[in-house]
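Q: I am attaching a structure below and will ask some questions about it afterwards.
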Amino acid sequence: MFYSERYRIIQPLLKNSKETKYLVFDEMDKCKKVISENIGKFESGGDIEQLSGIEHTGLPKITDYFEVNECCCIVQEYIEGESLKNYVERRGVLDLYEALDIFIKLLYIVKFLHDIKPISIIHGSIHHDNVILIEDNVYLTDYGIKEEKKNPYQAPEAILGIKKSKQQDIYSLGMLLNFMITGGFKKPGYSQKSLTGTDSLIARCTNANFNNRFEDTGILITECERLARNLTKDSSQPMSKLIAVNGCHDAVFELAQSLGKALSENVLIIDADILQPSFEPDSYILNDNLQSMMDRTDKGEDINKALKKAKISSKVYIIPSVIRIEGYENITFTSFYNLLIRLAEDFKVIFIKCSDFIYDSLTVNTYIISDQIVYIMSDPLNDMLLFNEISRYLCERHDIDNRRFNAFIYKKRIKNIVTAGIKENLYGEYLGYINSRSRGYAKDLTGITDKIRRKL
1167 MFYSERYRII
1177 QPLLKNSKET
1187 KYLVFDEMDK
1197 CKKVISENIG
1207 KFESGGDIEQ
1217 LSGIEHTGLP
1227 KITDYFEVNE
1237 CCCIVQEYIE
1247 GESLKNYVER
1257 RGVLDLYEAL
1267 DIFIKLLYIV
1277 KFLHDIKPIS
1287 IIHGSIHHDN
1297 VILIEDNVYL
1307 TDYGIKEEKK
1317 NPYQAPEAIL
1327 GIKKSKQQDI
1337 YSLGMLLNFM
1347 ITGGFKKPGY
1357 SQKSLTGTDS
1367 LIARCTNANF
1377 NNRFEDTGIL
1387 ITECERLARN
1397 LTKDSSQPMS
1407 KLIAVNGCHD
1417 AVFELAQSLG
1427 KALSENVLII
1437 DADILQPSFE
1447 PDSYILNDNL
1457 QSMMDRTDKG
1467 EDINKALKKA
1477 KISSKVYIIP
1487 SVIRIEGYEN
1497 ITFTSFYNLL
1507 IRLAEDFKVI
1517 FIKCSDFIYD
1527 SLTVNTYIIS
1537 DQIVYIMSDP
1547 LNDMLLFNEI
1557 SRYLCERHDI
1567 DNRRFNAFIY
1577 KKRIKNIVTA
1587 GIKENLYGEY
1597 LGYINSRSRG
1607 YAKDLTGITD
1617 KIRRKL
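Structure (structure tokens):
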């Protein structure tokens, strides 16, 4: 059957120099479909056979493809619903709960495409017209077959003609979430004095440097689901800011002390560095060790009243590290989580002094302070659930590559190696350089403390 006989054109949907798209009626299947005519050789990150085999409830299935007059014609199911653009224009900007609900459903669709083997499918044209809503269902159309003109959803490198990547889709996704909650395309930037968890997520998705965006949609899903969980919480639940730190113990104390003064708040340091615990009792007034505090918490004892300041004139409290390795996987971090819930009642800021296994495991925003890595977590109580993965990691690495562990703890004559290791997994904003031997150390410390304070 000829093209014109089987597919009756209802109306044109799109026309540009590379593609024409029609809404048609399929006389054989007796339903509406969409035909895209692409001039020249078909390119999509994979061949047409791969695309035609894709089946997902959130994607229109390709039902037919053929060539006509040197054009590649692709026939898809027609998803007859309301575009996200029309939905937002009709309803107004969405509340965060609804926006995240739509966004997470969309993320799972994009993750499905990115996870296809042997060649990932990069959508390359995610925007508000290509997201269709039908009741509670979300659909993504035009995967991999539409070359889009310059638009606010395009990543900077896409405009420059750089090969499509997952990070380009992640940029578009970030802009889409921003559109849902603001109705526009002005994205948040790290230069702002304060960013919410959602703003921070959008800013990371839409970072101009694609290396600083989320690695993949799986990590992005984890972060969005955490944000969604937070929205359902009782707002009266005590919350604090958790900052996980790599670096020498004295530097951690100085940073905590500087931040405590800037905030006029008490600051707690929990030494969770079980490989190299070294807050010395000769230098600091120490509380019961971490294992003892976890045991007391599990027994329901009151742990907050007896805490002592590390130094009389400071606002810093220290819980030193002693953790039993036996039962590590099943007990330690569950108890750690419960301990944090209790401590969050009395401390606005809690520093976790940790080894590099935490640095490798957490999927959170990261900030560099010279010989330290600082993780800013918007919700420590939920983020601590991620530590269950750390126990397995530590058991695998404990007797392997100790030089790397020591490098992240001491940072002595191997700075170049350390820096290289940091950059491989770095996410977030570079806050600056600080060196305890520099003449400007105090000034630099104050400056970076102020930057962190504005994030809290």
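Counted from 1, the sequence shown has number 1506 at position 340 by our numbering; the numbering is strictly sequential. Where is the CB? At the ideal position from N, CA and C, for every residue including glycine. In this text, all values refer to a predicted model and were calculated from it rather than measured experimentally.
In its own chain, which residues sit with a C-beta less than 6 Å from the C-beta of residue 1324, not counting the 5 before and 5 after it?
A: Reading the sequence shown from its first residue, position 158 is the one you call residue 1324. So the qualifying residues of the chain are 1334.
Q: Excluding the 5 residues preceding and the 5 following residue 1258 in the sequence, name in chain order all residues of the same chain whose CB lies nearer than 8 Å to its CB.
A: Within the sequence shown, numbered from 1, the residue matching residue 1258 stands at position 92. Hits under 8 Å: 1349.
Q: For residue 1593, name the three-state secondary structure that DSSP assigns.
A: Mapped onto the sequence shown, residue 1593 falls at position 427. In this predicted model, residue 1593 has a pLDDT of only 30, less than 50, meaning its place in the structure is not dependable enough to derive any value.
Q: Among all the DSSP beta bridges, which residues are the ones paired with residue 1220?
A: Along the sequence shown, one-based indexing puts residue 1220 at 54. Beta-bridge pairing links residue 1220 to no other residue.
Q: Report buried or exposed for residue 1307, applying the criterion of at least 16 other Cβ atoms within 10 angstroms of its Cβ.
A: Residue numbering aside, residue 1307 sits at position 141 when the sequence shown is read from its first letter. Per the 10 Å Cβ criterion, buried.
Q: Would you give the residue range spanned by the beta strand (DSSP E) that residue 1468 belongs to?
A: Here residue 1468 refers to the residue found at position 302 of the sequence shown. Here residue 1468 belongs to no beta strand (DSSP E), and DSSP marks it neither H nor E.
Q: When burial is assigned at 16 or more other CB atoms within 10 Å of the CB, is residue 1195 buried or exposed?
A: Here residue 1195 refers to the residue found at position 29 of the sequence shown. With fewer than 16 Cβ atoms within 10 Å of its Cβ, residue 1195 is classed as exposed.
Q: So, using beta-carbon positions, are residue 1614 and residue 1516 closer together than 9 Å?
A: For this step, residue 1614 is matched to residue 448 along the sequence shown. For this step, residue 1516 is matched to residue 350 along the sequence shown. Not a contact, by the Cβ cut-off of 9 Å.
Q: Classify residue 1174: buried if its beta carbon has 16 or more other beta carbons within 10 angstroms, exposed otherwise.
A: Working through the sequence shown from its first residue, we reach residue 1174 at position 8. By the beta-carbon neighbour count (other beta carbons within 10 angstroms, threshold 16), residue 1174 is exposed.
Q: Who are residue 1418's beta bridge partners in DSSP?
A: For the purposes of this step, residue 1418 is identified with residue 252 of the sequence shown, where counting begins at 1. The partner list for residue 1418 (beta bridge, DSSP) is empty, contrary to what the question assumes.
Q: Could you compute how far the alpha carbon of residue 1276 sits from the alpha carbon of residue 1185?
A: On the sequence shown, residue 1276 is found 110 positions in, with the first residue counted as 1. On the sequence shown, residue 1185 is found 19 positions in, with the first residue counted as 1. C-alpha separation (whole angstroms): 23 Å.
Q: Pick from 1389, 1180, 1425 and 1265: whose alpha carbon is nearest that of residue 1610?
A: Here the question's residue 1610 lines up with position 444 in the sequence shown. Ranking 1389, 1180, 1425 and 1265 by Cα distance to residue 1610 puts 1425 first.
Q: Please work out which residues of its chain come closer than 8 Å, Cβ to Cβ, to residue 1245, disregarding the five sequence neighbours upstream and downstream, and give them in chain order.
A: The residue labelled residue 1245 in the question sits at position 79 within the sequence shown. Correct list, in chain order: 1226, 1298, 1300, 1305 and 1307.
Q: With distances taken from CA atoms, which of 1317, 1249, 1284 and 1479 is nearest residue 1420?
A: Within the sequence shown, numbered from 1, the residue matching residue 1420 stands at position 254. Cα-wise, what sits closest to residue 1420 is 1479.
Q: Buried or exposed for residue 1491, please, with buried defined as at least 16 other CB atoms from any protein chain shown within 10 angstroms of its CB.
A: Numbered from its first residue, the sequence shown carries residue 1491 at position 325. Low per-residue confidence applies at residue 1491: pLDDT is 46, beneath 50, and the placement is therefore not dependable, though the value from the model is reported in the following sentence. Residue 1491 comes out exposed.
Q: Taking the beta carbon of residue 1284 as the centre, do at least 16 other beta carbons fall within 10 Å, making it buried, or is it exposed?
A: Here residue 1284 refers to the residue found at position 118 of the sequence shown. Exposed is the call here.
Q: Taking the CB atoms as reference points, tell me whether residue 1188 and residue 1205 lie closer together than 9 Å.
A: Your numbering for residue 1188 matches position 22 in the sequence shown. Your numbering for residue 1205 matches position 39 in the sequence shown. No, they are not a contact pair.
Q: Provide the residue(s) that pair with residue 1305 in DSSP beta bridges, ordered along the chain.
A: Against the sequence shown, residue 1305 aligns to sequence position 139. 1298, per the DSSP bridge assignment.
Q: Does the beta-carbon distance from residue 1268 to residue 1279 come in below 9 Å?
A: Indexing the sequence shown from 1 puts residue 1268 at position 102. Indexing the sequence shown from 1 puts residue 1279 at position 113. Contact: no.
Q: Tell me, to the nearest whole angstrom, how far the beta carbon of residue 1198 is from that of residue 1229; I am working on the premise that it is less than 8 Å.
A: For this step, residue 1198 is matched to residue 32 along the sequence shown. For this step, residue 1229 is matched to residue 63 along the sequence shown. About 12 Å; that fails the 8 Å criterion.
Q: Use the C-beta contact count for residue 1178: other C-beta atoms within 10 angstroms, 16 or more gives buried, fewer gives exposed.
A: By 1-based counting over the sequence shown, the position of residue 1178 is 12. That one is exposed.
Q: Would residue 1266 and residue 1393 be called neighbours here (beta carbons separated by less than 9 Å)?
A: Taking the first residue of the sequence shown as position 1, residue 1266 is located at position 100. Taking the first residue of the sequence shown as position 1, residue 1393 is located at position 227. Residue 1266 is a Cβ neighbour of residue 1393, given a cutoff of 9 Å.
Q: Regarding residue 1331 and the ligand SAH, is the C-beta to nearest heavy atom distance less than 8 Å?
A: In terms of ligand content, the structure shown is empty, and the ligand SAH therefore cannot be addressed.
Q: In three-state terms, what does DSSP make of residue 1330?
A: Counted from its first residue, the sequence shown places residue 1330 at position 164. Coil, per DSSP.
Q: Thinking C-alpha only, which one of 1459, 1512, 1519 and 1486 is nearest residue 1505?
A: Within the sequence shown, residue 1505 is the residue found at index 339, counting from 1. Nearest of 1459, 1512, 1519 and 1486 to residue 1505, Cα basis: 1459.
Q: Taking the alpha-carbon positions, what's the residue 1346 to residue 1385 distance?
A: As a first step, residue 1346 is located in the sequence shown; it is residue number 180 there, counting from the start. As a first step, residue 1385 is located in the sequence shown; it is residue number 219 there, counting from the start. Roughly 21 Å separates the two Cα atoms.
Q: Which residue or residues does DSSP assign as beta-bridge partners of residue 1188?
A: Residue mapping note: residue 1188 aligns to position 22 of the sequence shown, counting from 1. According to DSSP, residue 1188 bridges with 1178 and 1201.
Q: Helix, strand or coil: how does DSSP classify residue 1339 here?
A: Taking the first residue of the sequence shown as 1, we reach residue 1339 at position 173. Helix at residue 1339.
Q: Could you tell me the alpha carbon to alpha carbon distance between residue 1264 and residue 1352, rounded to whole angstroms?
A: In the sequence shown, the residue the question calls residue 1264 occupies position 98. In the sequence shown, the residue the question calls residue 1352 occupies position 186. Approximately 20 Å between the Cα atoms of the pair.
Q: Looking at the strands, I want to know which residues DSSP matches up with residue 1239.
A: Taking the sequence shown and counting its residues from 1, one reaches residue 1239 at position 73. For residue 1239, which the question treats as bridged, DSSP gives the partners 1203 and 1232.
Q: Leaving aside the five residues before and after residue 1180 along the sequence, list all residues of the same chain whose C-beta is less than 6 Å from its C-beta, in chain order.
A: Along the sequence shown, one-based indexing puts residue 1180 at 14. 1187, listed in sequence order.
Q: Residue range of the alpha helix (DSSP H) that residue 1368 falls in?
A: Locating residue 1368 in the sequence shown gives position 202, where the first residue counts as 1. Here the alpha helix (DSSP H) through residue 1368 covers 1363-1371.
Q: Would you list the residues sitting across from residue 1482 in a DSSP beta bridge?
A: If you number the sequence shown from 1, residue 1482 lands on position 316. Partner(s): 1433.
Q: Between residue 1379 and residue 1390, how many whole angstroms is the CB-CB distance? I'm expecting something under 8 Å.
A: As a working mapping, residue 1379 is identified with position 213 in the sequence shown. As a working mapping, residue 1390 is identified with position 224 in the sequence shown. Not confirmed; about 14 Å, so no contact.
Q: Can you tell which of 1251, 1454 and 1375 has its C-alpha closest to the C-alpha of residue 1488?
A: Residue 1488 sits at position 322 when you count from the first residue of the sequence shown. Of 1251, 1454 and 1375, the residue nearest in Cα terms is 1454.
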